[in-house]
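If you're matching positions, the sequence shown starts at 13 in my numbering and goes up one per residue.
Heads up, the beta-carbon is just placed ideally off N, CA and C, and yes, glycines get one too.
Read through the structure below, which is laid out as structure tokens, and then see the notes.
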Amino acid sequence: MTPATQPIMGGELTAVGVNVRDRITCKLRPVMPQNFLIDPVATSIEEASGVAIDEFVSLHTVEQLQESGVYRKVSVASASSDYDIEPDQDLTVYHDDKVRLTKYYGLVPRYLLLDAQAQLQFLEEQGELEEDSLEELAQPKQEEEVAETEEGTEEESYYVEAVVVLANNSTLLKVEINPYMMGDRPVVAFPWDVVPSRFWGRGVCEKGYNSQKALDAEIRARIDALALTVHPMLAMDATRIPRGSRPEVRAGKVILTNGNPAEVLQPFNFGQVNQITFAQADALQKMVQTATGAIDSAGFAGSVNKDSTAAGISMSLGAIIKRHKRTLINFQESFLIPFVTKAAHRYMQFDPENYPVADYRFDAVSTLGLMAREYEVTQLVQLLQTMQADSPIYGQLVEAIIDNMNLSNREELLLRIQQASQSSPEEQQAAALSQQSQIAFQEAQTSALSGQAAESQARARKIATETELMPEELQIDRLKAVTTNLRAGTEDDKEFERRLKVADLLIKEGAQTPPPNGIVTQQPEAQPEPQQDQPALANIMEFAPDGQPQRTQ
């Protein structure tokens, strides 16, 4: 039903009203545990022979379904109260205008279903339906009657999946074969904590049941003790109180005594509440939180771990998040995905125009919870502090932090960050030119270094060659020194022989002990005094470090 307008009278007027159209919807309706019945040995709804929902509904609800043709049009009276299936057993119970409706989804014998449908159809045609007709329908048929089928038909199974609706445990409102195309039961259930070989699991509150009872007893004992310790009491000497006086204590009251009031009246109390009860209550509260996983954020540092450091809190958070994740996965696998699958099948069956029929597979993708989100943001901030702003991963960490925050302008901030990280075409061109210049500069440096290396290698080879040839050059220079500056005459022959011997001696010494740094120096020897008519040697040869003889005056 939607508001709408429509032109009338040739467009001169406009009618205001509503448009009514049928729409298929699939909704969830919670069911109390005391209103749900299942096979005692079953571990799931699919494995059970059948499930039933037994609860009280309003009388007008049943009447509306009868008018729409969902239920049979029979007389349905108000049901008597049943304390066991009441939704709230502490409130006042009402006895009028309510019907006990029992919906059964499961297997029934085929012959009972077919006989019930045939008799109901016959009675409806004859218009003779009465309340006692169910007694005839409830009589069991013999199994041999099922075998009386037409020849040539295929053998059918003994049980058939059906839907049966009863009112007040006596009136049959509906019975038919399961109308859903997948043949499944329109009931979904899951336990918070799975118990092996049991359909009924373990609830969150059930885990902290014993701890909570002990905590309640501790608090009640403290309250009872406060009644005796908070309010002071008065002791008095009854023999010294005037007759007829009322021993009451109130503001402004005058108490008469026969004697000194300090001796007649004595206020007192029964001590103080033991302080150990506060520690016991705190310990019991921690036990409840540990059992249920409901950790108080205010006292988080001390409630999950004695060590309130960041490392201790992180380790405690790991265990808590692991428990929450296990519960969330159990919820997804046992409740969310089966419900979405069943709802999709209902929409495809009853509204195929909007929901095309196909074989879909649904995967649940959940987001982080509040505690896990805060913990992840803390870890990302700590990681962000370990790197500089020019790091390539710095921007991605900032985006991850903002993405985990519940900000109103989160999408805008993420868009601005992405735009800031993208450079303009001019900046990209300048960056490309800068990169090319840097590559050319590096290539030039590499070429220069290669040339210097080649020059150094050539110089090294030259020095090595000169070092190898230096002894031979020294010998040649020594021979030149021996044969230089000789004069004609017999004395020159003697001088030549003497120099030759000195050169041979020096060559032998040089061969045994190489001179340091390649320097060979010929020291002048004591020469005999020359004759007056023969001049002395005018020159002395000295060898330089490069092996070339130099003339010294």
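Between the alpha carbons of Thr339 and Ala384 lies a distance of about 14 Å. For the pair of segments examined, the region 243-255 was found to touch the region 272-281: the number of CB pairs separated by less than 8 Å reaches three.
Contact annotation: Val176 and Val120 have beta-carbon atoms nearer than 9 Å. Per the C-alpha coordinates, the member of Gln431, Leu40, Leu178 and Ser449 positioned closest to Lys85 is Leu178. Judged by DSSP in its simplified three-state form, Tyr171 adopts strand.
Exclusion of the five residues before and after Gln400 leaves Tyr406 as the residues of its chain whose Cβ lies within less than 8 Å of its Cβ. Around the beta carbon of Phe282, a 10 Å sphere encloses fewer than 16 other beta carbons of the protein chains shown; the residue is thus reported as exposed. At the C-beta level, Arg358 and Tyr192 come within 9 Å of one another. Contact between Ser93 and Val74 does not hold, since the beta-carbon distance rounds to 17 Å and is not under 8 Å. Assigned with DSSP and collapsed to three states, Asn270 falls in coil, not helix or strand. The beta-bridge partner set that DSSP reports for Arg112 consists of Phe68.
Taking a C-beta distance under 9 Å as the contact criterion, Asn272 and Pro254 do not qualify as a contact pair.
The Cβ-Cβ distance between Lys110 and Phe68 falls below 9 Å.
In this structure, Arg262 is the residue among Gly256, Arg262 and Arg234 with its C-alpha nearest to the C-alpha of Pro244.
When DSSP states are grouped into helix, strand and coil, Tyr117 belongs to the strand group. The beta carbons of Ile57 and Ala293 sit about 42 Å from each other, so the pair does not count as a contact at 8 Å.
Proximity to Leu426 across Asp205, Glu411 and Leu124 peaks at Glu411, based on C-alpha coordinates. Ala444 and Ile451 have their C-alpha atoms roughly 10 Å apart. According to the DSSP assignment, Glu188 belongs to the beta strand (DSSP E) that extends over Thr183 to Ile189.
When DSSP states are grouped into helix, strand and coil, Phe343 belongs to the helix group. Boundaries cannot be given for Pro364, as no alpha helix (DSSP H) includes it and DSSP labels it neither H nor E. Residue pairing by DSSP puts Phe48 in a beta bridge opposite Ile65. Under the three-state reduction of DSSP output, Val176 falls in the strand class.
Going by DSSP, Phe290 is part of no beta strand (DSSP E) but of the alpha helix (DSSP H) stretching over Ile288 to Thr304. Burial state of Leu124 is buried, judged by a 10 Å Cβ sphere holding 16 or more other Cβ atoms. Partner residues in the beta bridge of Phe280, as assigned by DSSP, are Met245.
According to DSSP, Asp205 shares a beta bridge with Arg214. Residues Lys186 of the same chain have their beta carbon placed closer than 8 Å to that of Val82, with the five preceding and five following residues left out of the count. By the neighbour-count definition (other C-beta atoms within 10 Å, threshold 16), Phe453 is an exposed residue. If you look at Val410, you'll find it in the alpha helix (DSSP H) that goes Tyr406 to Asp415. With fewer than 16 other Cβ atoms from the protein chains shown falling within 10 Å of its own Cβ, Asp236 counts as exposed. Restricting attention to His336, Ile332, Ile231 and Gly256, the CA atom closest to the CA of Ile288 is found in Ile231. For Ala16, the enclosing beta strand (DSSP E) has its first and last residue at Thr14 to Ile20. For Leu40, no beta strand (DSSP E) run applies, since DSSP gives it neither H nor E.
For the options Tyr367, Ile50 and Ala291, the alpha carbon positioned closest to that of Thr37 is the one of Tyr367. In the DSSP secondary-structure assignment, Asn31 is bridged to Thr14.
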